[in-house]
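Number of protein chains: 2
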Amino acid sequence: MLSRIDLKEKLSKEEYKEKIAPLREKLRTLDGPIKAANLPVIILFEGWEGAGKGGIISRLIKNFDPRWFTMVNTLPPTMEELREPVMWRHWLTIPEAGLMTVMDRSWYQEVSTLRIKNHVDDTTNSRHMNEIKNFERGLYDNGYVIIKIFLHISKKEQKKRMEALKADSNTKWRVTGEDEEENRKYDTYYEAFDEMLTYTDTAEAPWHVVSSMNERACTYQVFKIVSESIEKALSEKEKRDAALKDGYSVINPGWYNFKPMPKLRDIKLDKTLSEEEYEKKLKKLQKKLSKLHNRIYKERIPVIIAYEGWDAAGKGGNIKRVSEALDPRGYEVLPIASPDKGEKARHFLWRFWKRLPHDGHFAIFDRTWYGRVMVERIEGFCSKADWQRAYSEINDFERQLYDWGAIVLKFWIHIDSEEQLRRFNDRAANPAKAWKLTDEDWRNREKWQQYEEAVDDMIQYTSTDFAPWNIILGNDKKYARIQTLEIICDAIEARLSSTKKRKR
Amino acid sequence: MLSRIDLKEKLSKEEYKEKIAPLREKLRTLDGPIKAANLPVIILFEGWEGAGKGGIISRLIKNFDPRWFTMVNTLPPTMEELREPVMWRHWLTIPEAGLMTVMDRSWYQEVSTLRIKNHVDDTTNSRHMNEIKNFERGLYDNGYVIIKIFLHISKKEQKKRMEALKADSNTKWRVTGEDEEENRKYDTYYEAFDEMLTYTDTAEAPWHVVSSMNERACTYQVFKIVSESIEKALSEKEKRDAALKDGYSVINPGWYNFKPMPKLRDIKLDKTLSEEEYEKKLKKLQKKLSKLHNRIYKERIPVIIAYEGWDAAGKGGNIKRVSEALDPRGYEVLPIASPDKGEKARHFLWRFWKRLPHDGHFAIFDRTWYGRVMVERIEGFCSKADWQRAYSEINDFERQLYDWGAIVLKFWIHIDSEEQLRRFNDRAANPAKAWKLTDEDWRNREKWQQYEEAVDDMIQYTSTDFAPWNIILGNDKKYARIQTLEIICDAIEARLSSTKKRKR
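Residue numbers (this note's numbering), protein chains in the order written: chain A, 108 to 611; chain B, 108 to 611.
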């Protein structure tokens, strides 16, 4: 893409004055409509060192009310951030609906300058670029506008600017050894930038490459791109919303290999364990898991356990038997309730990205991102297109966790309807347990059929080979606990003895 | 306190079995009542290296449902955390109402082991201990229960345990050079621990020092302390709530020096600026501020600017004239709306601690923590005791910011009632601005008298010598903008030329 850019474009002072005024006026009045349309906007700047990202950003945001946008300055990842999936730190920055984020560098850092500095191999780099495409696609599908601008300058111009900065004792410190390296290896960087731009130039998030050889011409271009992109998004908002929400849609699980899974009604729930067997096995497995946790910690493997199941299926007791075998400094149990204000105003996966564990740690989710295709589907908290698309969004998410090096384990604790009724009645009759039983539990019970259908879909469309569902036989709580502990220990042992190593 | 502890206490296996069973039962059934009473609980463990904090915590939390508590493992502060006030990272860990936090080390790290390792001087250390006392007092006043347990062992026992770990090749790595240093300098640490325990043993958050020479005796003691403390808090909850909410209360601004301030009604709003003067001054001041930002950044001074004012006072435009002079990578504008679920369920200052800037950065708050003594007071969103106590809580908060090294600037943008009406009508008549005017603005306007009283109180009780209010004459927007810019530049220049340096 870079070769197509005309680096000679200029704008005289007079032309600039005349052309820039109406654009400024447009940019200044966008905040109302953005707010009214509840449009989340991301404007990101990439480009060469010395191309003047800081300057153009300053000029651009002077047109915005500082309360309606957030500046994100993307630095190289910290030690903390390196312990998470690559896209983790970028997910955390996405804006709420109705607000803007202006980014000085972005998720493209990893596939351009950092790629070269850290000698990232081609396979890993393609994976990162695909993750970026998925990420942007997901944001687009969830209503976001992404405006991507790359500032281009020639090798000679870059050198000239660095020399000018170095000549002044006040600005000398701004030119680092890394900057100069970029100029020396201009061709290498050129190739990396070009590949990145070509590969990630998509219909939903196109690149705008702008020459920044001439400040006035560059400013004019950037103002034009930003105002036109936002105006277009605003004018298309209704149509797009309609297409996203109520248009023709089909279930889309994405391009993955799926494991064949049984339907819930075909699952026999007759397995039991005697108290004695249970105690013996529990002790043995907890001891084993405890030891495995040490190795997980040393090898820095993250473990993510997702619990779903019918109300009163025994998730709490099951989680307890797992967590009490773990070192308390190395796990977290995350109960997932309904999303709060800021969570509702963002992509539905944002709140789960926020809660990912460090590597070497366990995160145990009590209910999960699968709420999208169960309760949100059934209660109509999202549109049909939303939940139908969610299978692929979830599979993409779990694939990133897997590629990060995580062991992803998903448990559906299954009981039958009679057993649930028995347990509800038990709870109601026991004053110490009655607080656990709510009216909502009874209401959900009436929707058993709808839930069964949703769960069958979920299990069918999200049992990928890297993160399949495990159906736990829950009518006997003791049996269910032993079954989960065994699956967890087996999965960890298999990973420890495999050659798959964490890559970044 | 340490000298009073009997390190010889033991418990036989039989005694232990008999005594521990009923305590376990109690601990196991506490989650329901804690949830029902909406009680936030913090259990923290401090003590000698090798005293067995990890083990006792494991045994304790086995009794809890893992969904009702969070484990906090406090490590030495990261580079990131060192760029914030000392208490910042600890504030972020406080639990929601109805939940528990179990801490392996805590805010006492800074005033014990880290104090010695980092050679913190006595003055700084006393300041930190006072900050801790204020912090715990504040939590207590906002309904929290804090259970503090210190595990004590003798020098000989500590050495013995380290030797045992070192003798086994599997556990050798667990004994660090720092641990051995602690044993060598046992007396120095003893003195620091003792001072810390004595000084921070308060009625609202007392210390429990427990001998951990004998594992069974220690476990029994800890279980007993935790269950009794929670039971006591539960049984006293109603009485305490009543005392905190509706009991006798008076306005309490804390022990600070206050600047004499005028009443709003005595402020003349007749100052204006011509367009020409304004443009000239604006340009000059923005240029100056821009340069000062560079120095602020280099000297790592955080700047916190708090904007309050009448509706339509012109906060937005004022903030814009400040922010556009700043490097976009070094500031954030934080619009404060009503708190979300998780924020409402915690101490009211939590959401502001979360939003503090890094050192060297600007944080510009559009509305602030003063909502507590304005809208929350007037609309009854908190009790009378709550807002009357808030003056001192806020002054304590700002004092910590000041001690951290921050420049804290507070602006009340003042207009009179006639000017507000004029602006409301202007907005209503202008389609491009009408979305900014809400029904709530009209409702607030009807409460002008109540607000005026609240603002007068606020200005009187929170104009400390380290963070006084600045009353900005807002009837002329141009004048107001120049006035704030001047105050900001003057404050930064004064700091840069003073000898006050950031201490930690």
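Every residue, glycine too, gets a C-beta built ideally from N, C-alpha and C.
Assigned secondary structure, residue i (DSSP; H/G/I helix, E/B strand, else coil)
i         : result
Gly-139/B : helix
Arg-611/B : Only weak support is given to the placement of Arg-611/B: the predicted model assigns it a pLDDT of 46, under 50, and the value that follows is read from those uncertain coordinates. In this structure, Arg-611/B counts as coil in the three-state DSSP scheme.
Asn-225/B : coil
Asn-321/B : coil
Ile-520/A : strand
Met-481/B : coil
Ile-337/B : helix
Val-374/B : A quick correction: the sequence has Ile, not Val, at residue 374/B. Three-state DSSP puts Ile-374/B in coil, outside helix and strand.
Gly-154/A : strand
Trp-175/B : coil
Thr-185/B : coil
Met-565/A : helix
Val-357/A : coil
Phe-455/A : coil
Val-209/B : strand
Trp-362/B : coil
Val-329/A : helix
Asn-57/B  : The question about residue 57/B has no answer, for chain B in this structure spans 108 to 611.
Thr-230/B : helix
Cross-strand partners of residue i (DSSP beta bridge)
i         : result
Val-252/B : Val-148/B
Asp-473/A : Tyr-414/A, Pro-442/A
Ile-260/B : Answer is none; Ile-260/B lacks a bridge partner.
Ile-164/A : For Ile-164/A, which the question treats as bridged, DSSP gives no partner whatsoever.
His-315/B : Ile-256/B
Thr-278/A : Its beta-bridge partners do not exist; DSSP assigns none.
Val-515/A : Ile-411/A
Cross-chain neighbours of residue i in chain C, by beta carbon under 8 Å
i         : result
Trp-542/A : Structure shown: chain C not included; protein chains present are A and B.
Sequence-distant residues of its chain with Cβ nearer than 6 Å to residue i (five each side left out)
i         : result
Lys-279/B : Lys-273
Thr-379/A : Asp-583, Tyr-586
Phe-330/B : Leu-130
Ser-213/B : Leu-151, Thr-181
Arg-611/A : Caution is warranted here: a pLDDT of 46 is assigned to Arg-611/A, below 50, making its placement in the model unreliable, and no coordinate value can be reported.
Close Cβ partners of residue i (< 8 Å) along its chain, the five nearest in sequence each way excluded
i         : result
Ser-356/A : Lys-491, Ala-492, Gln-495, Arg-496
Gln-393/B : Arg-428, Glu-431, Ala-432, Leu-592
Arg-602/A : Ile-408, Ile-514
Ile-426/B : Tyr-414, Val-440, Ile-471, Asp-473
Residue i: CB within 6 Å of a non-hydrogen atom of the ligand GDP
i         : result
Ala-539/A : For the structure depicted, the ligand GDP is absent and the ligand set is empty, with no information on it obtainable.
Integer Cβ distance of residue i from residue j, believed to fall under 8 Å
i         : j         : result
Val-193/B : Glu-264/B : Contact flag wrong, Cβ pair sits at about 31 Å.
Ile-485/A : Lys-375/A : About 26 Å; that fails the 8 Å criterion.
Met-207/B : Ile-141/B : 7 Å
Ala-419/B : Phe-531/B : 6 Å
Ile-81/A  : Ile-514/A : The structure shown has nothing for residue 81/A, since chain A only spans 108 to 611.
Arg-588/A : Leu-396/A : Between Leu-396/A and Arg-588/A the Cβ distance is about 12 Å, and since that is not below 8 Å, they are no contact.
Sequence-distant residues of its chain with Cβ nearer than 7 Å to residue i (five each side left out)
i         : result
Arg-190/A : His-465, Asp-466
Thr-295/B : Ile-223
Ala-452/A : Glu-203, Ala-204
Ala-299/A : Ser-219, Arg-222, Ile-223
Pick from the options that is closest to residue i, judged by C-alpha positions
i         : options                                    : result
Glu-406/B : His-468/B, Ser-334/B, Tyr-306/B            : His-468/B
Phe-242/B : Lys-451/B, Pro-367/B, Glu-311/B, Val-515/B : Glu-311/B
Trp-511/A : Arg-588/A, Glu-188/A, Arg-402/A            : Glu-188/A
Pro-367/A : Asp-572/A, Arg-212/A, Gly-154/A, Ser-524/A : Asp-572/A
Ile-411/A : Arg-506/A, Glu-343/A, Gly-361/A            : Arg-506/A
Gly-416/B : Tyr-477/B, Ser-319/B, Met-236/B            : Tyr-477/B
Ala-350/B : Trp-362/B, Ile-256/B, Tyr-247/B            : Tyr-247/B
Tyr-59/A  : Trp-314/A, Glu-289/A, Glu-132/A            : Examination of residue 59/A is not possible in this model, given that chain A is present from 108 through 611 alone.
Arg-196/A : Met-210/A, Ala-204/A, Gly-205/A            : Met-210/A
Glu-343/B : Pro-409/B, Gly-250/B, Arg-462/B            : Gly-250/B
Pro-446/A : Val-482/A, Ile-595/A, Tyr-498/A, Arg-131/A : Val-482/A
Asp-503/B : Ala-574/B, His-521/B, Tyr-404/B, Ala-536/B : Ala-574/B
Asp-172/A : Thr-305/B, Met-186/B, Pro-442/B            : Pro-442/B
Glu-288/B : Asn-170/B, Lys-339/B, Gly-157/B, Val-218/B : Gly-157/B
Leu-182/A : Ile-127/B, Gly-437/B, Asp-348/B            : Gly-437/B
Ser-261/A : Asp-546/A, Tyr-293/A, Thr-200/A            : Tyr-293/A
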